[in-house]
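S.K.:
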Amino acid sequence: MSAIPSSTLEPGWRRYAPLALGLLLLAVLWAGPLPTRAETSFAAHMVMHMGVVAFATPLLAFGLSRADLLPRGGSGRFVLLAALAEFLLIWGWHAPALHDAARQSLALLVLEQGSFLLAGLLLWTTALGTLKPGGMATRAAGAAGLLVTSMHMTLLGALLLLAPRPLYACGDLCSPLSTLTPLEDQQLGGTIMLIVGGSTYLVGGLVLLYGVLKLDASEARA
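All you need for the numbering used here is the position in the sequence shown, starting with 1, plus 117.
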């Protein structure tokens, strides 16, 4: 039997590449050294968090979209509900009591990371689903969901960065990177959230917003 030409296989590999990369990233984040390091370092915990919501979930959602596995004609209402759910989960898990508990309990860490994955995946899939196909109002809701998430992640990152003292008991009980004090470790984590989380959702929202404006211009010419 003759081999299938690589040119025939290549489009399929490219189609599923983002999905495979997202799954690989999750494996690196969760099966690598980060979970252990996150027990003692707020910054390491934030790297794991941002890896899930700002990189893995967009890759997974984009991969599902390219593989045509997202429902067509997504609802703008679902996007906004998904954005609200992610807001509540992110801010809730960064409340001092819950955050400290998650860093000291494997079961709660699994629950925290799983909820971040589900919330991020729900938001990105519903936002991208508004493109298949969606009217201007629906697409605008997709853009708004990502942009609002960018804003509240930036705000939370700024609060962590500018706080005058460690906000978490684990800052005193745990041992951060040897060159950092607990406050500096928290500030580094806040900077990571501010830059990575804020910018990823901002870029995604602006891309969807560009699509809204382009659709509006097309309808105006029609």
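Beta carbons: idealized from backbone N, C-alpha and C, even for Gly.
In terms of alpha-carbon separation, which member of Leu-330, Leu-143, Ala-134 lies closest to Val-227?
M.R.: As a first step, residue 227 must be located in the sequence shown, where it is residue number 110. Ranking the options by Cα distance to Val-227, first place goes to Leu-143.
S.K.: Can the beta-carbon of Phe-233 be found less than 8 Å from the beta-carbon of His-166?
M.R.: By one-based count along the sequence shown, residue 233 stands at place 116. By one-based count along the sequence shown, residue 166 stands at place 49. Taking 8 Å as the Cβ cut-off, Phe-233 and His-166 qualify as a contacting pair.
S.K.: How is Ala-258 classed by DSSP in three states: helix, strand or coil?
M.R.: Within the sequence shown, residue 258 is the residue found at index 141, counting from 1. Of the three classes helix, strand and coil, the one that applies to Ala-258 here is helix, per DSSP.
S.K.: Helix or strand or just coil, what does DSSP make of His-211?
M.R.: Residue 211 sits at position 94 when you count from the first residue of the sequence shown. DSSP places His-211 in coil when its eight states are reduced to three.
S.K.: Would you check whether the ligand PLP has a heavy atom nearer than 7 Å to the C-beta of Leu-138?
M.R.: Although the ligand PLP was asked about, the structure shown includes no ligands whatsoever.
S.K.: Rounded to the nearest angstrom, what separates Leu-187 and Gly-322 at their Cα positions?
M.R.: Start at 1 with the first residue of the sequence shown, and residue 187 comes out as number 70. Start at 1 with the first residue of the sequence shown, and residue 322 comes out as number 205. Computed Cα separation, rounded: 18 Å.
S.K.: Counting only the same chain and skipping the five closest in sequence on each side, list residues whose C-beta sits under 7 Å from that of Ala-260.
M.R.: Mapped onto the sequence shown, residue 260 falls at position 143. Contacts found: Gly-322, Leu-325, Leu-326, Val-329.
S.K.: Spatial neighbours of Ala-254 within its chain, please: CB distance less than 8 Å, with the 5 preceding and 5 following residues excluded, ordered by chain position.
M.R.: If you number the sequence shown from 1, residue 254 lands on position 137. So the list reads Gly-193, once near-sequence residues are dropped.
S.K.: Pro-135 to Val-169, Cα distance in whole Å?
M.R.: By 1-based counting over the sequence shown, the position of residue 135 is 18. By 1-based counting over the sequence shown, the position of residue 169 is 52. Computed Cα separation, rounded: 14 Å.
S.K.: On the DSSP letters alone, give me the boundaries of the alpha helix (DSSP H) that Ile-309 sits inside.
M.R.: Along the sequence shown, one-based indexing puts residue 309 at 192. Residues 299-309.
S.K.: Quick one: Cα of Ser-123 to Cα of Glu-229, how far?
M.R.: Along the sequence shown, read from residue 1 onward, the residue named residue 123 stands at position 6. Along the sequence shown, read from residue 1 onward, the residue named residue 229 stands at position 112. Residue confidence for Ser-123 is low, a pLDDT of 42 falling below 50, so the modelled location carries little weight; the figure read from the coordinates is stated next. Each residue's alpha carbon lies about 42 Å from the other.
S.K.: What is the DSSP secondary structure of Ala-158, counted as helix, strand or coil?
M.R.: Your numbering for residue 158 matches position 41 in the sequence shown. Looking at the sequence provided, one finds Ser at residue 158 rather than Ala. Ser-158 falls in the coil class under three-state DSSP.
S.K.: Going by other Cβ atoms of all chains shown within 10 Å of its Cβ, with 16 needed for buried, is Val-164 buried or exposed?
M.R.: Your numbering for residue 164 matches position 47 in the sequence shown. By the neighbour-count rule (16 or more Cβ atoms within 10 Å), Val-164 is buried.
S.K.: Could you give the C-beta distance for Ala-200 and Thr-266, rounded to a whole number, given that I count them as a contact under 8 Å?
M.R.: Residue mapping note: residue 200 aligns to position 83 of the sequence shown, counting from 1. Residue mapping note: residue 266 aligns to position 149 of the sequence shown, counting from 1. About 5 Å separates the two Cβ atoms, so the contact holds.
S.K.: Note down the Cα distance separating Glu-127 from Tyr-133, rounded to an integer number of angstroms.
M.R.: Mapped onto the sequence shown, residue 127 falls at position 10. Mapped onto the sequence shown, residue 133 falls at position 16. Caution applies to Glu-127, whose pLDDT of 46 falls short of 50 and renders its modelled position unreliable; the value that the coordinates give is listed next. If you take the alpha carbons of Glu-127 and Tyr-133, they lie about 10 Å apart.
S.K.: To which residues of the same chain is Val-320 closer than 7 Å at the C-beta, ignoring the five residues directly before and after it?
M.R.: In the sequence shown, the residue the question calls residue 320 occupies position 203. Correct list: empty, nothing qualifies.
S.K.: Report all residues from its chain with a CB closer than 6 Å to the CB of Ala-286; omit the five preceding and five following residues, and keep chain order.
M.R.: By one-based count along the sequence shown, residue 286 stands at place 169. These residues qualify, in order along the chain: Asp-217.
S.K.: Whose CA, out of Leu-273, Pro-299, Ala-184, lies closest to the CA of Arg-282?
M.R.: On the sequence shown, residue 282 is found 165 positions in, with the first residue counted as 1. Ranking the options by Cα distance to Arg-282, first place goes to Pro-299.
S.K.: Using only alpha-carbon positions, find the residue among Arg-220, Leu-297, Leu-278, Ser-316 that is nearest to Gly-306.
M.R.: Taking the first residue of the sequence shown as position 1, residue 306 is located at position 189. Ranking Arg-220, Leu-297, Leu-278, Ser-316 by Cα distance to Gly-306 puts Leu-278 first.
S.K.: Taking the alpha-carbon positions, what's the Ile-207 to Met-310 distance?
M.R.: Here residue 207 refers to the residue found at position 90 of the sequence shown. Here residue 310 refers to the residue found at position 193 of the sequence shown. Rounded to the nearest angstrom, the two C-alpha atoms are 11 Å apart.
S.K.: Can you tell which of Leu-215, Phe-172, Leu-138, Leu-263 has its C-alpha closest to the C-alpha of Leu-240?
M.R.: Here the question's residue 240 lines up with position 123 in the sequence shown. Measuring from the Cα of Leu-240, the nearest candidate turns out to be Leu-263.
S.K.: Roughly how many angstroms lie between the CA atoms of Phe-204 and Met-268, to the nearest whole one?
M.R.: Numbered from 1 along the sequence shown, position 87 holds the residue referred to as residue 204. Numbered from 1 along the sequence shown, position 151 holds the residue referred to as residue 268. Whole-angstrom Cα-Cα distance: 10 Å.
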